[in-house]
Structures are given as C-alpha cells and as structure tokens.
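Residue numbers (the numbering used here), protein chains in the order written: chain A, 4 to 145; chain B, 9 to 311. Beta carbons are placed, not taken as given, at the ideal position from N, Cα and C, and that holds for glycine. A quick write-up on the structure given underneath.
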Amino acid sequence: MLNVGKIEEGFVLDHIKAGKSLSIYEHLQLDKLDCTVAIIKNARSGKMGKKDILKVECDIDMLDLDVLAFIDHNITVNVIKNGEIVEKKELVLPKQIKNVIKCRNPRCITSIEQGLPHVFVLSDEKKEIYRCKYCEEKYSES
Amino acid sequence: MRHLMNPLDFSVEELDKLFALADDIEKDPAKYAHKCDGKILATCFYEPSTRTRLSFESAMTRLGGRVIGFSDAASSSASKGESVSDTIRIISCYADICAMRHPKEGAPMVAAEKSLIPVINAGDGGHQHPTQTLTDLQTIRSLHGDLNHFTIGLCGDLKFGRTVHSLINALVRYEGIKFIFISPEELKIPDYVTDMLREKGIPFQEVIRLEDVMPELDLLYMTRVQKERFFNEEDYVRLKDFYVLTKEKMELAKPDMLVLHPLPRVNEIAVEIDDDPRAAYFKQAQFGVYVRMALILTLLGLA
C-alpha cells in the first residue's frame, strides 16, 4: 500500500471516480498553481471499490467548486487546516458554467463568433442536464 | 429592455395582452398607422427568408415606421468577417428595433446581449422562430376562438420541424389540449417532447395515417415531408401520400376543423383545398403581420 503524507493546509478531494482525477486536475487548472499536488489513482475504497484522490496544498479559496460540482458533485471536499479536516464542503450543481466545456453543435453561433464564451445552463437539476445558453444543445460527455 | 428570443419569453398573460393588441390592430388599423412615425426597424437577415422579412417590413410600414436592412449575408459586413456582436452595436446606432434571421443557432441571443435596442429573433437555424409561433397562436385564437380545449393534429415532419416543437411548447401552457402526432416512423416526434407531455399529464397519441384520426381533429397543423429526410426512395414513395391533404381526406374532417401550415407549401396540401373555408393557412400570413405589429409596439414601449 502506497502512503501519501498529510497536508498541513489545503484540500483533499475524496471519492473521485477511479480514473477521473487527471481530468479534474486539468479542469481546476492545478498545473498553474505553484503548490504541492498529490494525485492518487485507483485507491482502495469500501464504498466505491476503487477511487481517485487529489490532495492539494493551497488556499481553499483558490478552488473553483462550481467546476468541481459540474464534473462530479459526489466528490467529497475536505478542507484541511493544521493537518486536520476542519470542514466538509457540499457540492451543489452550478446554475451556469462558463468556458469549462465547449458546445459541440456545429450550427451553434459559438462555433464562429470571436471571443464568445461557452456558457452552459443547468436546465434539469434532477437529470443533471446542461444546455448551451445559445443553441440549447444538450451537453453529453461522449 | 425586452427582446424576443423564444416564444416562452412572454408569459401567458403577456401573450394575452399582445394578442388583444393584434386584435385591435386588425379591427382598426388606422388607429395604429402613425404609432411608429420616426422609428426605424432594421431587418438583419443573414440568410434569405422572403416571407418573414416582408412580414416584418409590412408590419413596420403599416405602423408608420421605416425599414433598413440586408437580406442575405453576402450583402452585409458578415461577408467581411464582422461578428454578430459588432454588427448589432453598429445597428443599434442606426435603428430603434432589430429583427434578425441567422443560420447559426443562438446568434440573435448574442446580438441581444450586446444590443442597445430590442432584438427579435426572426429564426436562428433549426432552433427557434418565435414570431411564427406567435402567428400560429394568434391564428388559432382568432379563428378557433380560444387557446384552450381542443384536439390538434400535427402532421408531417415532426422530427426536424422547429415550428412544430415550438408550437407544442407554447400550447402546453394552455388547458385541455390533446395532441395527435401524425408522421412516418422516420420523422416521429422526438422522445424528449413525448416525455415532457407524459410528465405534465398532457394527452397525446401517435399515428401513421392521417385518415385514421381526421374526424377527431379541431385543428390540423400541416408541415412538409421532405424527400431528403428519408433513408431511401422506396420509403418516401410509399409514405408521401399519407401526408398529402386532399379533398377526400377533408371530407372526413369536422365541418369547422381548421387547417394551418407555416408555409411555404410544396405539395402537401392539394391546391383544391385552398377555397375550402377551413383552409386557414393564407389567413395565417395575415395574422403574422398583425402579431408582428403588436410585437414591435410592445417591445418599443408604444403599446
């Protein structure tokens, strides 16, 4: 069993679906932060079988929780101070996300208009459906 | 400032007001002949659509206003690569209100975000065409007498037809409406529409043959079945006549059933039906002008 040490201040993202940690690393733009980041892949989990974990030593305000919630709102966000968990943040699906995903509809105005942000709006909270603000095309991962 | 992007941008109550205004314009056009004196409508049509553009131009002219604009992208600065955001900023300096048709979905919304004047979506690709829906609603309201309690048959291309989807979304806000979808399997109404109807507890039925349901209908909304939508010629030949409205089929209908069509018609309604008093599709074009007049007045704050 691989051991990764405690962090003093920052956050631990737990219960990430196995294999998804790198995509979260990218979406949260952790490569741009000058801090310690541990990516743990395929850790054993009683609940999930296998899971990924991300440990980031930085200020908690630097984390965009909306982006994280959009990717997977079942992730547990543990806020760490002085080496201890001081808070567990609940992720709520954001009403709107900007420039996180791109509209793939070739007929959408976002495909040609310069400088136009890619904005997706939560259209069905129960089914977790996001639609492009402009053409209303449903976002799907595949 | 208000824009019109989607027929649902207006509440049922707001639509009632708009339609009542359209009624009054129809009754007493002279009263409105100078309401827009000194005002300018810009028709920014990035793709040709003669009927819609002329309907808007007629509406503004009948209100005493003037019209400027372009009727295809080639004759606009879009051909030089200008963005929609830049174009609308310029148009905002030239006109008081803008009607925009664009082949890209969402383009009028981009315009509305940057505009200093009200923007009307006059059709954006396969997405929305709200003034067509308002026209359809006003036609039903005026000729059928009510937007509640009727059975409407929607016939033809129900898969790709944006006017159909838009009309259904607008009608589900009213009471006691039953939908009958008449189409070949290939052009069936999408699942998300039937799912939505089920969720709201709105009755609907899906059939293949128009004759089977004709006697039940209070309204029949016809659309064109295009050959290129079919996978093979054989299916097209086999099915196309099911979706052509003829005198024989009209004989099965109620004496007061109305036939609507967003136009242009190709051959899905036989010419022999044009003189039938139940044929409402040319009157629909007339209601389109009244509704656009009411819309221009409403968005300009002159209603």
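Step through the CB atoms of chain B and report whether any lies within less than 7 Å of the CB of A/Y137. yes
Within its chain, find whatever has a CB closer than 6 Å to the CB of B/L270; leave out the 5 residues flanking it on each side and keep chain order. Just to set this straight, residue 270 of chain B is Pro in the shown sequence, not Leu. So the list reads Q140 and T171, once near-sequence residues are dropped.
With a CB to CB cut of under 7 Å and the five nearest residues on each side skipped, what residues in its chain are close to A/F14? V59, I63, L66, V80, N81, V82 and I83
Look at the alpha carbon of B/K235 and the alpha carbon of B/P192, and state the distance between them as a whole number of angstroms. 12 Å
Cβ-Cβ separation, B/G309 to B/S63 (assumed contact under 8 Å), whole Å: Incorrect: roughly 22 Å between the Cβ atoms, too far for contact.
Per DSSP, which one or two residues make a beta bridge with A/E125? A small fix is needed here, since residue 125 of chain A is Leu in this sequence, not Glu. According to DSSP, A/L125 bridges with A/Y133.
Kindly say whether A/I112, judged by its beta-carbon, lies nearer than 7 Å to any beta-carbon of chain B. yes
Below 8 Å between beta carbons is the criterion; list the residues of the segment 64 to 95 of chain B that meet it against any residue of chain A, in chain order. S91, V92 and S93
Straight-line CA distance for B/H42 to B/E55? 30 Å
Roughly how many angstroms lie between the CA atoms of A/N108 and B/T60, to the nearest whole one? 25 Å
Can you check the segment 91 to 178 of chain B for any beta strand (DSSP E) of at least 3 residues that lies completely inside it and give the ranges in chain order? 105 to 110, 127 to 132 and 158 to 163
Any alpha helix (DSSP H) of 4 or more consecutive residues that is wholly inside the segment 17 to 54 of chain A: 24 to 30
Going along chain B, which residues have a C-beta under 7 Å from A/Q117? S91
Sorted by chain position, which residues of the same chain lie with C-beta nearer than 6 Å to B/D80's C-beta, five sequence neighbours on each side aside? P56
Can you name the residues of chain A whose CB is closer than 9 Å to the CB of B/K112? R110, C111, I112, T113, S114, I115, E116, Y137 and C138
Report yes if the C-beta distance between B/M108 and B/C52 is below 7 Å; otherwise report no. yes
Of all the options B/M222, B/N177, B/V221 and B/L225, which has the alpha carbon lying nearest to the alpha carbon of B/D203? B/N177
If you run the structure through DSSP and keep just helix, strand and coil, what is B/L228? strand
Does the segment 13 to 25 of chain B come close enough to the segment 131 to 147 of chain B that 3 or more CB-CB pairs lie under 8 Å? yes
Could one say the Cβ of B/V118 lies closer than 7 Å to chain C's Cβ atoms, at least one of them? Chain labels in this structure do not include chain C; the protein chains are A and B.
Using a Cβ-Cβ distance cut-off of 7 Å, determine whether B/A30 contacts chain A. no
Assumed close pair B/L227, B/I148 - CB separation to whole angstroms, cut-off 8 Å: 6 Å
Do B/M258 and B/L71 have their C-beta atoms within less than 7 Å of each other? no
For the pair the segment 47 to 59 of chain A and the segment 94 to 112 of chain A, tell me if three or more CB-CB distances fall below 8 Å. no
Looking at B/E224 and B/T1, is the spacing between their C-beta atoms short of 7 Å? A question about residue 1 of chain B goes unanswered here, because the residues of chain B that appear run from 9 up to 311.
So with Cβ pairs under 7 Å, would you call B/H315 a contact of chain A? Because chain B spans 9 through 311 in this model, residue 315 of chain B falls outside it and cannot be assessed.
I want to verify the contact list: residues of chain A whose CB lies under 7 Å from the CB of B/A115, in sequence order. I112
Can you tell me whether B/S123 is buried or exposed? The criterion is at least 16 other CB atoms within 10 Å of its CB, across all chains shown. buried
Leaving out the 5 sequence neighbours to the left and right, which residues in its chain are closer than 7 Å to B/A288 when beta-carbon positions are compared? T147, L151, L266, V267 and L268
Grouping DSSP H, G and I as helix and E and B as strand, with all else coil, what is A/V70? helix
Going residue by residue through the segment 36 to 96 of chain B, where are the continuous alpha helix (DSSP H) segments of at least 4 residues, counting only ones entirely within it? 58 to 70
Going along the chain, which residues of its own chain have a beta-carbon closer than 7 Å to the beta-carbon of B/D199, five neighbours each way excluded? none
Could you give the uninterrupted runs of the alpha helix (DSSP H) lying entirely in the segment 253 to 300 of chain B, keeping only those of 4 residues or more? 255 to 259
Which residues does DSSP list as the beta-bridge partners of B/L12? B/I128
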